[in-house]
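This report concerns only the one structure given below.
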Amino acid sequence: MRGRSPVRAAPLTIMGTVAGALVAHGPAGDLLRTARWLSDQLDLDHLRRKTAHESIPVELGGRTRFIDPGAVWFAEAHGDYVRLRTAEGGFLVRTSMAALEQRWAEAGFIRAHRSTLVNARHVSELRFADGRALLLVGTETLPVARRLAREVRERLTARRA
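If you're matching positions, the sequence shown starts at 121 in my numbering and goes up one per residue.
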């Protein structure tokens, strides 16, 4: 629903979902069953949004901090750990890149390299130099894998449109 604010688009989405439920269950069908189905769909959407924007706990100096995905510029693989880079610095987290990519996909993270996930909101520039694609994320310049360059470019331009 490009061009519409999320507040204005939500009623249209809900109306479409209700219409789909009524078609699936029949206009005079079991209204309770339709209401339960609709409730389940709305709960699933809420759960997906909640887990996509879930903060991640980080141990630092005997204290646990919770890092919001929106504050993360990019994530880099470091063996069994992932280093989250923010404006405040780097934080090591014991997780895999695959798990983090799946967890934060809807939060706008894009795989730029086998060892790097970038937050599309923090990408200020995509440039090509000497046959290589590079991203400017925060204050860092990161390489983009050749096989992922086209997909990264498409996803970045789609997010900005």
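C-beta: ideal position from N, C-alpha, C; glycine also.
Check, Outcome
"E221 (DSSP reduced to helix, strand or coil)", "helix"
"Cβ separation of A269 and A253, assumed to be a contact under 8 Å, to the nearest whole Å", "4 Å"
"Start-to-end residues for the beta strand (DSSP E) that takes in T184", "183–187"
"Range covered by the beta strand (DSSP E) that runs through E245", "243–249"
"DSSP state of R234 mapped onto helix, strand, coil", "coil"
"S235 to E208 span [Cα, whole Å]", "21 Å"
"Alpha-carbon spacing of R273 relative to L212, whole angstroms", "28 Å"
"Residues that E196 bridges to, as DSSP identifies them", "R203, T236"
"Per-residue DSSP class, three states only, for R214", "coil"
"Which of helix, strand or coil DSSP assigns to T259", "coil"
"Under 8 Å between C-beta atoms of V238 and L255", "yes"
"Beta carbon of R223 nearer than 8 Å to that of E179", "no"
"E221 at chain B interface by Cβ criterion, 8 Å", "Reference to chain B is not applicable here, since this structure consists of a single protein chain."
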